[in-house]
Amino acid sequence: MEVVHTIPELRAAVARARRAGKTIGLVPTMGCLHAGHLALIQRAKQESGYVVVSIFVNPTQFGPNEDFSKYPRTFDADRAGSQQAGADLIFAPKTEDLYDPDASTHVRVAGISEGLCGEFRPGHFEGVATVVAMLFNVAQADLAVFGRKDLQQLAVIRRMVRDLHIPVRIVAHETVREANGVAMSSRNRYLSVEQLAQAKTIPAAMAAAKALAQTGVTEAVRLRDAAQTVLATQPALKTQYCEIIDLETMAKVTSTAGRKCAIAIACHLGTTRLIDNTDL
Ligand code: PAF
């Protein structure tokens with residue numbers, strides 16, 4: 003597995019792989035890889051001949067009071083994990099490799115990026131869409147794999163790819179969970195053992211809504227109440243949102259009848275923000 007830091011090196015490696023007849027798969031990450039990321043790399047390896055993992059903690063998607071400076075940087079472990087999972091190349095640029103000091107182009111995906119996390123993290127999805135558009139341009143991959151845990155991010159990226167005619171196929175991979183059901187996230191390492199146990203109330207709340215939906219209930223208010231009742235049993239969890247949403251538009255719905263919907267939850271546990279979702 004190769005490690006490169008600059009765009010010309012990345013492009014040369016990808017061109018060599020293409021000349022060898024390989025299709026290119028991209029797994030964009032911010033590093034601090036866990037089993038969920040490794041599953042994305044394995045998925046990319048199943049679906050393409052040459053897998054590029056990008057590792058870049060993107061400053062533009064962090065708000066001023068968020069954890070950019072303390073976001074864990076674990077490059078050596080990330081390199082070992084990526085290699086084991088089947089990556090062919092790591093692209094680990096510096097900020098100045100991707101962002102010109104004079105850069106003035108931003109990708110804003112209106113509407114779909116404004117509710118849910120977008121409401122509480124202004125500018126976050128603009129930062130994500132901009133860096134992902136750059137990564138698509140520099141890697142020129144045939145497909146890119148994203149985790150389903152970041153459901154709104156996935157929807158924003160799909161919409162951007164559609165609207166800008168970016169020639170990349172987006173592959174969504176199921177959320178990988180800790181043994182107690184909590185969605186894996188790089189931020190789980192901020193949680194104490196006690197908090198990780200408390201966090202399992204989030205998947206339990208989603209399961210309550212899903213179980214009710216499976217009995218035929220379609221009113222969003224009832225499904226949301228079922229989840230909120232469970233969330234309320236764990237006082238350490240401070241709910242930021244708990245919504246029933248349309249899977250494609252991310253818009254809140256009043257009824258799930260006749261459309262594909264999900265429940266999406268964001269909570270704070272101490273200073274750590276956790277998100278999760280499941281189809282209904
Ligand atoms: O999901 C992430 O890790 C990031 O938002 C991404 C897609 C790598 C963009 O920085």
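Each residue of the sequence shown is one higher than the one before, starting from 3 at the first, in our numbering. Ideal placement from N, C-alpha and C gives every residue a C-beta, glycine not left out.
Measuring alpha carbon to alpha carbon, tell me which residue in the options is nearest residue i.
i	options	result
alanine 131	Glu98, Asp165 and Phe122	Asp165
glutamate 49	Ile159, Ala174 and Ala17	Ala174
phenylalanine 58	Ala46, Pro74, Ile265 and Ile43	Pro74
alanine 146	Gly51, Arg18, Gln230 and Ala253	Gly51
serine 115	Gly129, Ser106, Thr107 and Asp144	Gly129
alanine 210	Arg123, His270, Asp281 and Met252	Asp281
histidine 36	Arg191, Gln155 and Gly23	Arg191
histidine 39	Arg226, Ser188 and Ala259	Ser188
lysine 24	Lys72, Asn60 and Asp144	Asp144
I want to check one thing, is the minimum distance from the CB of residue i to the heavy atoms of ligand 1 below 8 angstroms?
i	result
asparagine 60	yes
threonine 31	yes
valine 55	no
valine 130	yes
glutamine 142	no
valine 134	yes
aspartate 80	no
aspartate 278	no
glycine 149	yes
Starting from residue i and walking both ways along the beta strand (DSSP E), at which residues does that stretch end?
i	result
phenylalanine 122	Counting along the chain, phenylalanine 122 falls outside any beta strand (DSSP E), though it belongs to the alpha helix (DSSP H) covering 118-122.
isoleucine 265	263-271
glycine 149	145-149
proline 30	26-31
So if DSSP puts residue i in a beta bridge, which residue, or which two residues, is it bridged to?
i	result
cysteine 244	Ile267
phenylalanine 93	Val6 and Ser56
Locate the alpha helix (DSSP H) running through residue i, then write down its first and last residues.
i	result
serine 56	No alpha helix (DSSP H) contains serine 56, which is instead part of the beta strand (DSSP E) from 52-57.
aspartate 104	Careful: aspartate 104 lies outside any alpha helix (DSSP H) and carries neither H nor E.
aspartate 80	77-87
So, does the segment 81-89 touch the segment 148-156, judging by three or more C-beta pairs under 8 angstroms? These segments do not touch.
Closer than 8 angstroms is the cut-off here; do at least three beta carbon pairs connect the segment 103-113 with the segment 212-221? no
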